[in-house]
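K.L.:
Here the sequence shown is numbered in the numbering used here, starting from 114 and rising by one per residue.
Ideal Cβ positions, reconstructed from N, Cα and C, are used throughout, including at glycine.
These figures come from a predicted structure and were not determined experimentally.
My questions all concern the structure below.
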Amino acid sequence: MRTILISGANRGIGLNIAYRELKEGNRISAGVRDIESIKGSIIDPNKWPKERIIINKYDALDKSSAEKWISNTVNKFGSFDSVINCSGILSKVPFLFEDGDEKEILNTLNINFLAIWNLCRLSWENLCKSKRGRIIVLVSMSGKRSKGDLAAYSASKFALMGLCQTMKNKGWNENIRITAICPSWVNTKMAENISSIEKNNMTQPEDIADICSTILKLPTQSVPFEIALNCNYEV
Ligand SMILES: NC(=O)c1ccc[n+]([C@@H]2O[C@H](COP(=O)([O-])OP(=O)(O)OC[C@H]3O[C@@H](n4cnc5c(N)ncnc54)[C@H](OP(=O)(O)O)[C@@H]3O)[C@@H](O)[C@H]2O)c1
C-alpha cells in the first residue's frame, strides 16, 4: 500500500488519479484550494473508509499551507511515500508581453514551478525515510519543446523539467524515483477552449491515472523518468 499526497485533487487529472489510487487500496492525502469542492465528488471522504483519505487545504501560493498539509498527513498516516503534483495553471502570456503582464508571468512561475519545488523539498525527509519514494510531476510537452507562443506557460514547464532532473540526481541513492509526465492536450477544464482537436481525441485524464498507477507499482529499478504523451502527430 502507498500513502500519496496529490495536489490539485479536486478536478481534472488530479481528481482522476486520486480516485484511481483510492480504488486500488492506497491512502490519499489530497491537497486542494477549496475543501468544499470535494463534497459529493468521487473522492468525497464520506464515500471512503476514514482511514484511507484526508482532504487538506493547499494553496500553491501559500507556503504555510504546504507545511500544514505535510504535518497533517504525518499526524494522520504516520508517514508517506509518494507525491503527485497536479496543481497548475495555463497562461497565455506570449513572448511579446505587455507592460503589466509580469504579474501573470510570476504567478505562473510561482504556481507551476516554485510551489512544486517547495512541496517536494518539504516532502523529502519522509520520502527518504520510506526508502521507496516516488514523485510524479505533471509537466507537459510544453516543458520539452515550444510549439507556439505560450511563453510564460512553457517557461514555467521547462523550469519544472529542470527541477525534475535535479530531483532525480538528488534522490537516486535514497531510492526516490521521479517521473515527469509530459502530455500534449488532456481533456480537462484546462483544455476546454481548445478547438484544434476534438475532446475525445485528446488524452483522457483516466489514461494518466492508469499511467500513474503503473508507475507506483513498478520496482525502483524500472521507474521511467519521463513519459511523453502525444495525442496528435508531431514531427
Ligand atoms: N489539460 C491539459 O491539456 C494538460 C496538458 C499538459 C499538462 N497539463 C498539466 O497537468 C496538470 C493538471 O492539469 P489539469 O488538466 O487537471 O487542469 P485543471 O482541470 O485546470 O486542474 C488544475 C488543478 O490545479 C489546481 N490549482 C490551480 N491553481 C492552484 C493553486 N494556486 N493552488 C493549488 N491548486 C491550484 C486547480 O484547483 P482549483 O479547482 O482550486 O482551481 C485544479 O485542481 C497541470 O499542471 C497542467 O499544467 C495539463
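Compute the Euclidean distance between the alpha carbons of C325 and E211, then round it to the nearest angstrom.
P.N.:
38 Å
K.L.:
Between the Cα of K163 and the Cα atoms of D172, E149, S142, S178, which residue gives the shortest distance?
P.N.:
The shortest Cα separation from K163 among D172, E149, S142, S178 belongs to S142.
K.L.:
Comparing the C-beta of K216 with each C-beta of chain D, is any distance below 8 Å?
P.N.:
Absent here is chain D; the protein component of the structure consists of one chain.
K.L.:
Given 8 Å as the limit, is there contact between the segment 181-188 and the segment 146-162, that is, 3 or more CB pairs closer than that?
P.N.:
no
K.L.:
If you run the structure through DSSP and keep just helix, strand and coil, what is C295?
P.N.:
Strand, per DSSP.
K.L.:
Would you report the Cα separation of N300 and R245, rounded to the nearest angstrom?
P.N.:
Looking at the two C-alpha atoms, the distance is approximately 31 Å.
K.L.:
Taking all protein chains shown into account, decide if P318 is buried (16 or more other Cβ within 10 angstroms of its Cβ) or exposed.
P.N.:
buried
K.L.:
Under a three-way DSSP split, which group does R140 fall into?
P.N.:
strand
K.L.:
Just verifying my parser: in three-state terms, what is the DSSP assignment at R290?
P.N.:
strand
K.L.:
Roughly how many angstroms separate the alpha carbons of I328 and N286, rounded to a whole number?
P.N.:
Straight-line Cα distance between these residues: approximately 19 Å.
K.L.:
Where does the unbroken alpha helix (DSSP H) through K169 begin, and where does it stop?
P.N.:
First, the amino acid is wrong: residue 169 is Asn here, not Lys. Careful: N169 lies outside any alpha helix (DSSP H), inside the beta strand (DSSP E) at 166-170.
K.L.:
Please classify P296 as buried or exposed, where buried requires at least 16 other C-beta atoms within 10 Å of its C-beta.
P.N.:
Under this definition P296 is a buried residue.
K.L.:
State yes or no: is the C-beta of L209 nearer than 7 Å to some heavy atom of ligand 1?
P.N.:
no
K.L.:
Hey, out of I249, S309, Y132, whose CA is closest to L331's CA?
P.N.:
Ranking I249, S309, Y132 by Cα distance to L331 puts I249 first.
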